[in-house]
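If you count the sequence shown from 1, you need to add 1 to reach our numbering.
No residue lacks a Cβ here, since even glycine has one placed at the ideal position from N, Cα and C.
Beneath this line is the structure, given in structure tokens, with notes to follow.
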Amino acid sequence: MILNNLILPAKNNISTDNTIIILHGLFGNKNSLYPIGNLLNKYLKCKIVLLDIRNHGLSPRHKNMDYVSLSKDVLHTLKFLNITNNIIIIGHSMGGKIAMSLTKFIPKFIKLIIILDIAPVKYTYFNKKIFHALKKIDKKNIFTRKEAYKIMQYYINNEFTINLLLKSFQFGKWEFDLFFLKNEYKNILNWDIIPQWMGKILFLKGMQSNYINKDYYNQIFRQFPFAKIYNIPYADHNLHIKNTKLVLQKILDFYYT
């Protein structure tokens, strides 16, 4: 399928041959990493493409959400947009796993990858309380964010997380397909070991997050021998929001090395 996308053209019509593809996380959409994309567009003078992953935003809905299917969506979209080489991919959480999976399909056309707080491993169950809260709102036919907030605070003890989720709540509906996300959550958590990719890849880890712990380092280097890992202080899983300045600086440093 062709994914809905937002393209930020090169500033002042000056462009490199590079195109940056940005892939969001489980409960996000193409706007989730727009602030980072906009800053990169400003500093790197190259085209930025932000995608809605299937079952998110304005992209089509489908019952399957394994990483082969999600990767092929991106590949079909890149072909449709005539993006064929010098590809840079930035992926957060689920989007990071899609980015890593793409190395199986177009290893020679990816220039570098930046992964935001996810590892190439199979995870156990996360987000149980979040799914309960989202489903509760669906059942009660809530229309406003204020009403939704009152319900979510009984399940989620984190105001930042609640407000972040509510950015995807518009006119009484979630901008992601909750039914398919819940049904396919095991596939989203899953990971099949992929062939080694010898390219440049940077893992940025929120120091207050447990999504990348030292137990996962062996799996990272097994699949990505030239990987670099950097800890972002004062940041949790949403490190691109909690410490935008340092995340941006590390991406720029990695781009220019």
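Using three-state DSSP, classify K183 as helix, strand or coil.
Note: K183 maps to helix in three-state DSSP.
Within 8 Å, do at least three Cβ pairs link the segment 203-221 to the segment 121-141?
Taking 8 Å as the limit for Cβ pairs, the verdict is that the segment 203-221 does touch the segment 121-141.
Counting along the chain, where does the beta strand (DSSP E) carrying T20 start and finish?
Run containing T20: T20 to L24, per the beta strand (DSSP E) assignment.
Using the beta-carbon count (16 or more within 10 Å), is I157 buried or exposed?
Its Cβ being crowded by 16 or more others within 10 Å, I157 is buried.
Rounded to a whole number of angstroms, what is the C-alpha to C-alpha distance between G200 and F170?
Rounded to the nearest angstrom, the two C-alpha atoms are 38 Å apart.
In this structure, does DSSP put F54 in helix, strand or coil?
Looking at the sequence shown, residue 54 is not Phe but Ile. In the structure shown, I54 sits in coil (DSSP, three-state: anything other than H, G, I, E or B).
Any chance the segment 88-106 sits against the segment 178-188, with 3 or more Cβ pairs inside 8 Å?
Touching, no.
Under 8 Å Cβ to Cβ from F227, same chain only, skipping five residues before and after it: list those, please.
Excluding positions up to five away in sequence, the list reads M199, G200, K201 and I202.
Between L40 and L249, how many whole angstroms is the CB-CB distance? I'm expecting something under 8 Å.
5 Å between Cβ atoms; contact.
Kindly provide the ranges of any alpha helix (DSSP H) runs that are 4 or more residues long and lie completely inside the segment 74-104, ordered along the chain.
Fully enclosed alpha helix (DSSP H) runs of 4 or longer: 95-102.
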